[in-house]
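By numbering that gives the first Met the number 0, the letter at position 52 of the sequence shown is numbered 51, and the numbering carries on one by one without gaps. Where a beta carbon is used, it is the ideal one built from N, C-alpha and C, also for glycine. Since the structure is predicted, the reported quantities are computational estimates derived from the model, not experimental observations.
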Amino acid sequence: MTLALISASDAAYYTGRPVGTIWRWASEGRITSYGGRYNVRELPGKTIDEAGEVHLGDPPPMPQRAA
(Lines of atoms letter the chains of each structure in order from A and count residues from 1; the text may use other names and numbers.)
(Lines give C-alpha, C1' and ligand atoms only; values in the text may rest on other atoms or scores of the structure.)
Protein backbone atom coordinates (compact mmCIF):
# COMPACT_ATOMS: atom_id res chain seq x y z
CA MET A 1 0.00 0.00 0.00
CA THR A 2 1.29 3.44 -0.92
CA LEU A 3 1.42 6.06 1.81
CA ALA A 4 -0.55 9.27 1.36
CA LEU A 5 0.71 11.40 4.24
CA ILE A 6 -1.11 14.47 5.54
CA SER A 7 -0.65 16.80 8.52
CA ALA A 8 -2.62 16.48 11.75
CA SER A 9 -4.71 19.52 10.85
CA ASP A 10 -5.53 18.06 7.43
CA ALA A 11 -6.36 14.72 9.10
CA ALA A 12 -8.68 16.54 11.50
CA TYR A 13 -10.47 18.25 8.62
CA TYR A 14 -10.74 14.99 6.66
CA THR A 15 -12.23 13.08 9.61
CA GLY A 16 -14.32 15.93 11.04
CA ARG A 17 -12.68 15.56 14.43
CA PRO A 18 -10.33 17.76 16.49
CA VAL A 19 -6.56 17.57 16.05
CA GLY A 20 -6.33 16.21 19.61
CA THR A 21 -8.35 13.19 18.53
CA ILE A 22 -5.88 12.48 15.72
CA TRP A 23 -2.99 12.71 18.20
CA ARG A 24 -4.84 10.44 20.67
CA TRP A 25 -5.56 7.83 17.99
CA ALA A 26 -1.85 7.81 17.13
CA SER A 27 -0.80 7.49 20.79
CA GLU A 28 -3.28 4.63 21.26
CA GLY A 29 -1.87 2.82 18.21
CA ARG A 30 -5.09 3.12 16.20
CA ILE A 31 -3.26 4.95 13.39
CA THR A 32 0.41 5.27 12.51
CA SER A 33 2.34 8.52 12.87
CA TYR A 34 5.11 9.13 10.36
CA GLY A 35 6.98 11.98 12.03
CA GLY A 36 3.80 13.91 12.81
CA ARG A 37 2.11 13.05 9.51
CA TYR A 38 -0.64 10.49 9.05
CA ASN A 39 -1.65 8.11 6.28
CA VAL A 40 -5.01 9.30 4.99
CA ARG A 41 -5.83 5.71 4.02
CA GLU A 42 -5.92 4.76 7.74
CA LEU A 43 -8.42 7.51 8.58
CA PRO A 44 -12.22 7.35 8.56
CA GLY A 45 -13.41 10.13 6.27
CA LYS A 46 -16.42 12.23 7.09
CA THR A 47 -19.30 12.48 4.64
CA ILE A 48 -21.65 15.38 4.03
CA ASP A 49 -25.17 14.62 2.83
CA GLU A 50 -27.42 16.66 0.52
CA ALA A 51 -28.76 18.65 3.49
CA GLY A 52 -25.22 19.64 4.51
CA GLU A 53 -25.20 17.39 7.58
CA VAL A 54 -21.80 15.96 8.50
CA HIS A 55 -21.59 12.25 9.30
CA LEU A 56 -18.46 10.91 10.99
CA GLY A 57 -17.00 7.53 10.14
CA ASP A 58 -16.34 4.93 12.81
CA PRO A 59 -13.06 5.52 14.65
CA PRO A 60 -10.17 3.20 13.85
CA PRO A 61 -10.19 0.08 16.02
CA MET A 62 -7.94 -0.29 19.04
CA PRO A 63 -4.95 -2.52 18.34
CA GLN A 64 -5.07 -6.08 19.63
CA ARG A 65 -3.22 -6.52 22.91
CA ALA A 66 -0.88 -9.41 23.48
CA ALA A 67 -2.30 -11.98 25.85
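Neighbourhood of residue i by C-beta distance below 8 Å, restricted to the same chain and skipping five residues each side
i: residue 48; result: 54
i: residue 61; result: 27, 28 and 29
Rounded distance between the beta-carbons of residue j and residue i, thought under 8 Å
i: residue 37; j: residue 10; result: 5 Å
Status (buried if at least 16 other CB within 10 Å, exposed otherwise) for residue i
i: residue 40; result: exposed
i: residue 64; result: exposed
i: residue 50; result: exposed
Nearest candidate by alpha-carbon position, reference residue i, set the options
i: residue 18; options: 3, 2 and 35; result: 35
i: residue 59; options: 24, 52 and 46; result: 24
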